[in-house]
Amino acid sequence: MFKNVVPILTARIPIIKAKYSQSGTEIDISLNNILPLENTRLLKTYSNIDPRVRELGVMVKYFAKKFNIGDASHGTLSSYAYTIMVIHFLQQIQPPVLRDPKSIESPITQTCVGWNVYFYNDLTKL
Numbered sequence: 004m005f006k007n008v009v010p011i012l013t014a015r016i017p018i019i020k021a022k023y024s025q026s027g028t029e030i031d032i033s034l035n036n037i038l039p040l041e042n043t044r045l046l047k048t049y050s051n052i053d054p055r056v057r058e059l060g061v062m063v064k065y066f067a068k069k070f071n072i073g074d075a076s077h078g079t080l081s082s083y084a085y086t087i088m089v090i091h092f093l094q095q096i097q098p099p100v101l102r103d104p105k106s107i108e109s110p111i112t113q114t115c116v117g118w119n120v121y122f123y124n125d126l127t128k129l
């Protein structure tokens, strides 16, 4: 089911990297860490707003991987960081592809392991 299973014990939070055999999708698995779930929820929300978010994100991550600049364990940006940069870009271009959720209402605080993970996710207004 999985191949290339490698534990990364030197990461801030130990993870297991693997590749799903059927699709070739690379995954990271961590235990006792709920922050990535909030990160995933954020990315899913933006991808549901406009399919170009996912499409451009995949292209940028492919480029970063191809040129060996997409691996935080080697001192470059993480795949997640590139995806957040894509979202920011799509919020800033004119006309914006994505609305900046902060422009809709005042931010609410929702913390997860000390981080404010709140984001506006009412798709009817985004």
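According to the numbering used here, the stretch in the sequence shown is residues 4 to 129, in order. From the three backbone atoms N, C-alpha and C, an ideal C-beta is built for every residue, glycine too. Here the structure is a predicted model, which is why all the values come from computation and not from measurement.
According to the DSSP assignment, Tyr23 belongs to the beta strand (DSSP E) that extends over Ile18 to Tyr23. In the three-state reduction of the DSSP assignment, Phe70 falls in the coil class, being assigned neither a helical nor a strand state. Take the alpha-carbon of Tyr23 and the one of Thr86: they are about 21 Å apart. Ile11 and Leu45 have their alpha carbons spaced roughly 25 Å apart. In the structure shown, Pro10 falls within a strand segment according to DSSP collapsed to helix, strand and coil. Just measuring C-alpha positions, the residue of Phe5, Leu38 and Ile37 sitting nearest Thr28 is Phe5. For Ile87, the enclosing alpha helix (DSSP H) has its first and last residue at Ser82 to Gln95.
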